[in-house]
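Student: Next up is a structure, given as structure tokens.
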Amino acid sequence: QVQLVESGGGLVEPGGSLRLSCAASGAIGRIIRMGWYRQAPGKQRELVAVITSGDTTNYADSVKGRFTISRDNAKNTVYLQMNSLKPEGTAVYYCSVLTDRQYWGQGTQVTVSS
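Just so you know, we're using this note's numbering here: the sequence shown kicks off at 15 and counts up by one.
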């Protein structure tokens, strides 16, 4: 089993920044990809950003230029630096790790509001 522990969510004003972290532990094996998804109220879960074992990244169009995903392989940790946050970024953000299967974290709430 793989456990994912997320941190860094919270309340931020529009234009502000937050940094999310997700640490993976347990029987991890070979990590193929790590990433972040989000789910806003009444909407489906959507991809925010992913990073592969080869450090290839992919972002949702809505966050390009504002969000940056990175990883620390030694710590099995993935980060999401979120800048210039917008109210539509309010959602529960989920960490995901792909090994032999896809694992999900519990989610961390991000609220962008004045």
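Positions of the beta carbon are idealized from the N, C-alpha and C atoms, including for glycine. All values derive from a computational prediction rather than experimental measurement.
(1) Confirm, please, whether the CB-CB distance from A37 to W50 is below 7 Å.
(2) Hey, would you say R59 sits closer than 7 Å to Q53, going by beta carbons?
(3) Helix, strand or coil for E27 per DSSP?
(4) Cβ of G119 within 7 Å of Cβ of E20?
(5) Would you mind sorting T122 into buried or exposed? The rule is 16 or more other CB atoms within 10 Å of its CB.
(6) From this set, R33, D86, S127, L94, which residue's C-alpha is nearest R45's C-alpha?
(7) For S106, write down the residues that DSSP places opposite it in a beta bridge.
(8) Taking 7 Å as the cut-off, decide whether the C-beta atoms of L94 and I83 are in contact.
Tutor: From the atom records:
(1) no
(2) yes
(3) coil
(4) The Cβ atoms of G119 and E20 lie closer than 7 Å to each other.
(5) buried
(6) Correcting the residue identity first, residue 45 is Ile in this sequence and not Arg. It is D86.
(7) Before going on, a small fix: residue 106 reads as Val here, not Ser. V106 pairs with Q53, Q123.
(8) In this structure, L94 lies near I83, with their beta-carbon atoms less than 7 Å apart.
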